[in-house]
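Chains as they are written, first to last, in this note's numbering: chain A, 101 to 237; chain B, 101 to 237.
Protein chains: 2
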Amino acid sequence: MQLNNTTQYAIRILSYIANKHDKQLYSAKELAEILSIPYKFLTKIMTELVKADFILSIRGREGGYKLSRPASEISIMDVLNQFNEFVEQKQCLLGIGMCDNNNKCGLHDQWVKPKKMIKDMFENTTLENLDGNGYKI
Amino acid sequence: MQLNNTTQYAIRILSYIANKHDKQLYSAKELAEILSIPYKFLTKIMTELVKADFILSIRGREGGYKLSRPASEISIMDVLNQFNEFVEQKQCLLGIGMCDNNNKCGLHDQWVKPKKMIKDMFENTTLENLDGNGYKI
DNA sequence: TTTAAATACTACTAAAAGGTAGAATTAAAC
DNA sequence: GTTTAATTCTACCTTTTAGTAGTATTTAAA
Ligand code: SF4
Ligand code: SF4
């Protein structure tokens, strides 16, 4: 019941870039240092974020990364989907195939409400909403 | 954001044993077949359930497994804890160390409510509550 | 008392996730 | 034009999780 490492990193990276408006571009080097993410692992994630069109990269000297669209247009759910976290909304909590509400597992009835709440939260929260001073990064 | 395989199996096994009252003991062989869990993997989980005192085992011919206490006294949270799922309630969703409400990550404020809802649900749901006819197993 | 059917133990293999290394490519600065 | 600082690509290594194999132990039935 936790987000996996890669997804956590991805959210933190996007969140940082989205909410630090003092610069145009951020290099992998500085992101790795500031966010304490292994450099080589971060660059791997960055290219995935670029391919997913969350991030726009400028190559070559003086290059770096920036958001490809406004922070308000990227929801946490978008990111989770990209990293296969919430993959199949219909997947059973107990892993017994898929859930179509007619073929319930034992935990179904208790799970639907919290599940919906999480879903809504992730859908309604954008990178913009993660702003705020004093937050750890 | 899903329970890992081993935990899913554990809940399904416990749930099945708890709610099928037609027998005293269930053998690993029949549990594996009925629940479609690899036999060798299941026996491994069973010994962990025995050590965690959820299950009582009777060895030797005609032996098998049964609950070590009433189904109403084993919550899903108990099981999750045993399998290190909910380990540290205080662990940050974004993996930035621990959360003490004074040292928040960007998702904190959105996360607290759903988090509490899930927690309560897992704590208040016991093996007994997983009963019900027509549920897939 | 032997045999059969069950759990328990030890050790290994396979797959997925997390992470690292090094070279190739790009483009601005010099 | 060369150098330098950046991203990208390919390939590998490490750790964790999932799953398998074989044997030892236990105990009731035959
Ligand atoms: S609980 Fe219901 S909804 Fe959730 S997974 Fe199991 S079956 Fe599907
Ligand atoms: S979100 Fe807040 S509570 Fe949840 S983990 Fe991050 S810091 Fe802790």
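Every residue gets a Cβ at the ideal spot worked out from N, C-alpha and C, and that includes glycine.
This one's a predicted model, so the numbers in the text were calculated from it and none came from an experiment.
Residue-chain proximity (residue i, chain A), Cβ-Cβ < 7 Å
i	result
B/K120	no
B/M221	yes
B/Q210	yes
B/L142	no
B/N203	yes
B/P214	yes
B/L167	no
B/L230	yes
B/E162	no
Nearest-angstrom Cα separation, counted from residue j out to residue i
i	j	result
A/Y313	A/L135	This structure cannot speak to residue 313 of chain A, because chain A is shown only from 101 to 237.
A/L131	A/F141	11 Å
A/K151	B/I218	34 Å
A/K213	B/M221	10 Å
A/L125	A/T107	22 Å
A/M101	B/K129	30 Å
B/I117	A/C205	15 Å
A/E173	A/Y139	27 Å
A/K258	A/K123	Outside the displayed range of chain A (101 to 237) lies residue 258 of chain A, so it cannot be described from this structure.
B/D144	A/N202	One detail in the question is off: residue 144 of chain B reads as Lys in this sequence, not Asp. Approximately 32 Å between the Cα atoms of the pair.
B/A171	B/R161	26 Å
A/Q210	A/T226	28 Å
B/H208	A/N229	11 Å
B/H121	B/E133	18 Å
A/N184	A/N104	10 Å
7 Å Cβ cutoff, residue i in contact with chain B
i	result
A/I155	no
A/Y226	Note on residue identity: the sequence assigns Thr, not Tyr, to residue 226 of chain A. By this cut-off, A/T226 is not an interface position.
A/S175	no
A/M101	yes
A/M146	no
A/Y235	yes
A/P170	no
A/L131	no
A/I218	yes
A/S282	Because chain A is modelled from 101 through 237, residue 282 of chain A falls outside the range shown and cannot be assessed.
A/G206	yes
7 Å Cβ shell around residue i - same chain, five flanking residues per side excluded
i	result
B/S168	D153, F154, I155 and L156
B/D231	N119
A/Q182	A152
Residues of its chain near residue i, where Cβ-Cβ distance is below 8 Å and the 5 sequence neighbours each way are ignored
i	result
B/N224	S175
B/G163	L125, S127 and S157
A/M109	Inspection of the sequence shows that residue 109 of chain A is occupied by Tyr rather than by Met. Taken in chain order, the residues that qualify are L135, I137, F141, L142 and I145.
Anticipated Cβ contact below 8 Å, residue i with residue j, distance rounded
i	j	result
B/L149	B/L114	7 Å
A/I237	A/R159	Contact flag wrong, Cβ pair sits at about 26 Å.
A/M146	A/Y165	6 Å
Close-in-space but distant-in-sequence residues of the same chain around residue i (CB under 6 Å, 5 per side omitted)
i	result
B/F186	L180
Uninterrupted alpha helix (DSSP H) stretches inside the stretch 148–190 of chain B (no shorter than 4 residues): 176–182
Just to confirm the assignment: which complete alpha helix (DSSP H) runs, minimum length 4, are found wholly within the stretch 110–147 of chain A? 128–135
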